[in-house]
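Per our numbering: the sequence shown = residues 3 to 306. Read through the structure below, which is laid out as structure tokens, and then see the notes.
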Amino acid sequence: MTVPHPHEAVLAPPARPRSRRRRTALYAASLLCCSALLATLPGGASAAPADAPAPGAAAVSFADEFDGPAGSAVDGSKWQLETGDNVNNHERQFYTGGNSNAALDGQGNLVITARKENPGNYQCWYGTCEYTSARLNTAGKFTAAYGHVEARMKVPRGQGMWPAFWMLGDDFGNVGWPQSGEIDVMENVGFEPGTVHGTLHGPGYSGSEGIGAGYTLPDGAAFADDFHTFAVDWAPDSITWSVDGNVFQRRTPADLGGKEWVFNKPFFLILNLAVGGYWPGDPDDSTTFPQQLVVDYVRVTTND
């Protein structure tokens with residue numbers, strides 16, 4: 003077990019090393035925010051796609067279409083930006099605030115940009131930071147329990163890139179992680195350009211014991227080539243993942259082998275683009291910068 007050395011206003015609890023990957027959240031002292039999180043998908047997990055269930059009448063409970071002038075910061079009534087580095091995952095980036103690495107493009111998209119730079123002389127766990135990027139969450143601004151959670155995005159390309167769209171239990175501050183639960187709607191690592199992963203983490207099934215599966219595009223296509231829609235349909239005792247409407251896994255308490263299902267409660271949303279870390283590995287000479295996670299929209303709907 004290692005104890006992180008926080009920078010800026012970031013606080014993070016101890017985290018344990020993992021063999022393939024870990025998902026770590028920064029916990030800003032002045033915010034309702036996150037924790038050090040760990041996430042590992044079982045090796046070789048996959049599932050055959052199927053048609054997604056037809057949605058019923060739905061009411062939008064959260065939507066951000068990212069409309070606004072080019073260069074504008076995200077809507078502060080919906081999102082907050084976390085700042086700092088991430089020793090727990092051994093990621094290489096420093097997450098910045100404002101619109102430095104997360105801004106609207108004037109064409110209805112949010113662009114989260116990872117750059118090989120350090121204009122602020124930011125200090126990371128390994129010394130002077132080599133990269134900057136951004137991470138946003140809705141903690142304290144929006145939470146949901148159940149519904150259709152969806153984002154349309156175009157992921158970056160290259161070794162060491164690690165974009166993610168995920169959710170964290172809103173009771174983290176009271177119960178800690180993994181008791182809070184974590185729902186990874188979509189994660190991608192650069193060395194798997196055609197595959198994304200969806201995973202659950204909770205008490206007794208976190209880290210390398212996470213419950214999940216992967217979805218791979220046909221014909222060798224890469225997710226960085228175009229926009230794709232990543233979603234979960236979330237109901238009491240059931241979570242179903244899809245890509246572009248193709249269902250690739252469904253999880254219920256029966257999948258947990260008697261362990262506690264911690265997903266019947268509110269969660270908040272997180273978007274981020276990490277650089278490097280235990281799971282994706284660091285960028286190499288083949289990686290070009292800047293790299294961008296382009297988000298067309300994020301929507302949460304609930305069935306009436």
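Note that CB positions come from ideal geometry on N, CA and C, so glycine has one too.
*Using the C-alpha atoms, what's the distance from Gly-162 back to Ala-75?*
Locating residue 75 in the sequence shown gives position 73, where the first residue counts as 1. Locating residue 162 in the sequence shown gives position 160, where the first residue counts as 1. Note on geometry: alpha-carbon atoms of Ala-75 and Gly-162 lie some 26 Å from one another.
*Kindly indicate which residue of Glu-211, Ala-153 and Ala-141 has the alpha-carbon position closest to the one of His-203.*
In the sequence shown, counting from the first residue as 1, residue 203 sits at position 201. Out of Glu-211, Ala-153 and Ala-141, Glu-211 has the C-alpha closest to the C-alpha of His-203.
_Applying the 10 Å Cβ sphere with the 16-neighbour rule, what's the burial state of Gln-82?_
On the sequence shown, position 80 is the one that residue 82 refers to. The residue in question, Gln-82, is buried, as its Cβ has 16 or more Cβ neighbours within 10 Å.
*asked:* Quick check: does the Cβ of Lys-118 come within less than 7 Å of any heavy atom belonging to the ligand FMN?
replied: Ligands are entirely absent from the displayed structure, and the ligand FMN is therefore not among its contents.
*By a C-beta neighbour count over all protein chains shown, 10 Å radius and 16 as the cutoff for buried, is Phe-193 buried or exposed?*
Along the sequence shown, one-based indexing puts residue 193 at 191. Classification for Phe-193: exposed.
_the region 216–233 / the region 276–283 touching (three or more Cβ pairs under 8 Å)_ = no
*State the DSSP-derived secondary structure class of Val-89, mapped to helix, strand or coil.*
As a working note, residue 89 is residue 87 in the sequence shown. Correct three-state label for Val-89: coil.
_Ile-213 versus Pro-180 - alpha carbon distance_ = Start at 1 with the first residue of the sequence shown, and residue 213 comes out as number 211. Start at 1 with the first residue of the sequence shown, and residue 180 comes out as number 178. Near 13 Å, if we compare the C-alpha coordinates of Pro-180 and Ile-213.
*Spatial neighbours of Thr-98 in its chain, beta-carbon cut-off 7 Å, leaving aside the 5 residues before and after*: Taking the first residue of the sequence shown as position 1, residue 98 is located at position 96. Correct list, in chain order: Thr-85, Thr-134 and Ala-136.
*asked:* Taking the straight line between their C-alpha atoms, what separation do you get for Val-297 and Leu-258?
replied: Here residue 297 corresponds to residue number 295 of the sequence shown, with the count starting at 1. Here residue 258 corresponds to residue number 256 of the sequence shown, with the count starting at 1. For Val-297 and Leu-258, the distance between alpha carbons rounds to 32 Å.
_I need the straight-line Cα distance from Glu-132 to Pro-238, nearest angstrom please._
By one-based count along the sequence shown, residue 132 stands at place 130. By one-based count along the sequence shown, residue 238 stands at place 236. If I take the Cα positions, the gap works out to 43 Å.
*Which runs of the beta strand (DSSP E) fall wholly inside the region 139–226 and span at least 3 residues, in chain order?*
149–156, 163–171, 184–189, 197–203 and 213–218
*Given Tyr-217, which residues of its chain have a CB within under 6 Å of its CB, disregarding the five upstream and five downstream residues?*
Counting from 1 along the sequence shown, the entry for residue 217 is found at position 215. Result list for Tyr-217: Val-198, Val-245 and Phe-250, in chain order.
*Closest to Trp-117 by CA distance: which of Ala-153, Gly-206, Ala-146 and Gly-160 is it?*
The residue given as residue 117 occupies position 115 in the sequence shown. Just to set this straight, residue 117 is Arg in the shown sequence, not Trp. Residue Gly-160 is the option with its Cα nearest to Arg-117.
_Extent of the continuous beta strand (DSSP E) to which Gln-294 belongs_ = Locating residue 294 in the sequence shown gives position 292, where the first residue counts as 1. That run of the beta strand (DSSP E) goes 293–305.
*Provide the residue span of the beta strand (DSSP E) that contains Glu-84, from first to last.*
Position 82 of the sequence shown, counted from the first residue, corresponds to residue 84. That run of the beta strand (DSSP E) goes 82–84.
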